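> In UniProt numbering, the protein residues as written are 1 to 100. In this text, a Cβ means the ideal position worked out from N, Cα and C, and glycines have one as well. On a predicted model such as this, the values are computed, not experimentally measured, just so you know.
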Amino acid sequence: MSFSGCADSSGSQELNGKENQNSSNISLKDIGKTIPVGMEKENGVYKISLIVTAQFYEIKASKENEKYIDLIRQAVKDELPIHIYTVANTHEIGKGRGSN
């Protein structure tokens with residue numbers, strides 16, 4: 001059994017986890033608790049999408065951000081991916097291109 005994780009090509013993330021070996025001498029890396037959000041079968045292999053981080057990010061509740069907050073709320077409700085931009089070196093969500 002093998003699991004593959006995918007990352008957005010415009011960014012990178014490194015998983016911090018412990019490596020160990022199971023009884024079959026296969027090296028495993030502990031990526032911690034994750035949320036499976038999708039599963040597809042392709043050519044006899046299941047591809048499983050995982051949420052790797054549950055880290056909180058913030059956006060100010062303001063009239064200016066109202067539409068963007070609604071977009072995020074809808075994505076959470078429908079479990080849909082959206083592109084998120086953050087202010088450099090912070091956990092603050094910033095509005096990206098096309099998010100008026």
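(1) Relative to the alpha-carbon of proline 36, which residue among Thr86, Lys47, Ser62, Gln74 has its alpha-carbon at the smallest distance?
(2) In its own chain, which residues sit with a C-beta less than 8 angstroms from the C-beta of isoleucine 69, not counting the 5 before and 5 after it?
(3) I need the DSSP call for leucine 71, collapsed to helix, strand or coil.
(4) Based on Cα-Cα distance, which residue from Gln55, Ala75, Leu28, Lys63 lies nearest to threonine 86?
Taking the geometry as given:
(1) Of the candidates Thr86, Lys47, Ser62, Gln74, Lys47 places its Cα closest to the Cα of proline 36.
(2) Cβ neighbours of isoleucine 69 beyond the five flanking positions: Ile59, Ala61.
(3) Reduced to three states, the DSSP call for leucine 71 is helix.
(4) Of Gln55, Ala75, Leu28, Lys63, the residue nearest in Cα terms is Gln55.
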